[in-house]
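**Q**
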Amino acid sequence: QVQVVESGGGLVQAGGSLRLTCTGFRITFSISTTNWYPRAPGKQRELVATITSGGSTSYAAAVKGRFTISRDNAKNAVYLQMNSLRPEDTAVYYCAAVAQGSGNNYWGQGTKVTVSS
4 QVQVVESGGG LVQAGGSLRL TCTGFRITFS ISTTNWYPRA PGKQRELVAT
54 ITSGGSTSYA AAVKGRFTIS RDNAKNAVYL QMNSLRPEDT AVYYCAAVAQ
104 GSGNNYWGQG TKVTVSS
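Just remember that our numbering sits 3 ahead of the position in the sequence shown, which is counted from 1.
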């Protein structure tokens with residue numbers, strides 16, 4: 004059974020940093036496209052960062068220059084380094100990986116990030 008598991012959330016003051024980790028089981032991130040989607044309270048999930056199988060990255064305008072998505076193929080993990088955090092970054096952050104071949108989208112359970120002002 005494919006599993007995607009997020010970790011690393013927590014409470015941080017505005018201006019601080021957090022690094023989120025997405026770990027895959029029975030899915031290989033190096034041949035998948037992996038995305039991070041925060042869902043803020045009362046809002047829908049929105050895509051903020053993507054890393055493709057080839058290593059290309061893209062970001063939403065709201066996080067560009069502050070967030071960095073990266074991957075460690077040896078650990079089969081994808082990271083989201085979040086710097087200069089703002090209260091509006093408060094959300095549950097979900098990792099989703101699109102498996103090569105099947106095209107199935109696998110979601111994790113989310114990790115909560117709270118940024119205090």
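Positions of the beta carbon are idealized from the N, C-alpha and C atoms, including for glycine.
1. The beta strand (DSSP E) with L21 in it runs from where to where?
2. Considering only the beta carbon of each residue, do A99 and V5 sit closer than 9 Å?
3. By the three-class DSSP mapping on this structure, what secondary structure does S33 have?
4. Just grab the DSSP bridge partners of L50 for me.
5. Straight-line CA distance for A52 to Q103?
**A** Taking the structure as given:
1. In the sequence shown, residue 21 corresponds to position 18, counting from 1. Here the beta strand (DSSP E) through L21 covers L21 to F28.
2. Taking the first residue of the sequence shown as 1, we reach residue 99 at position 96. Taking the first residue of the sequence shown as 1, we reach residue 5 at position 2. No, Cβ-Cβ distance for A99 and V5 is not below 9 Å.
3. Here residue 33 is taken as the residue at index 30 of the sequence shown, counted from 1. Helix, per DSSP.
4. Translated into positions along the sequence shown, residue 50 becomes position 47. Paired residues: none, contrary to the question.
5. Position 49 of the sequence shown, counting from 1, holds the residue named residue 52. Position 100 of the sequence shown, counting from 1, holds the residue named residue 103. C-alpha separation (whole angstroms): 18 Å.
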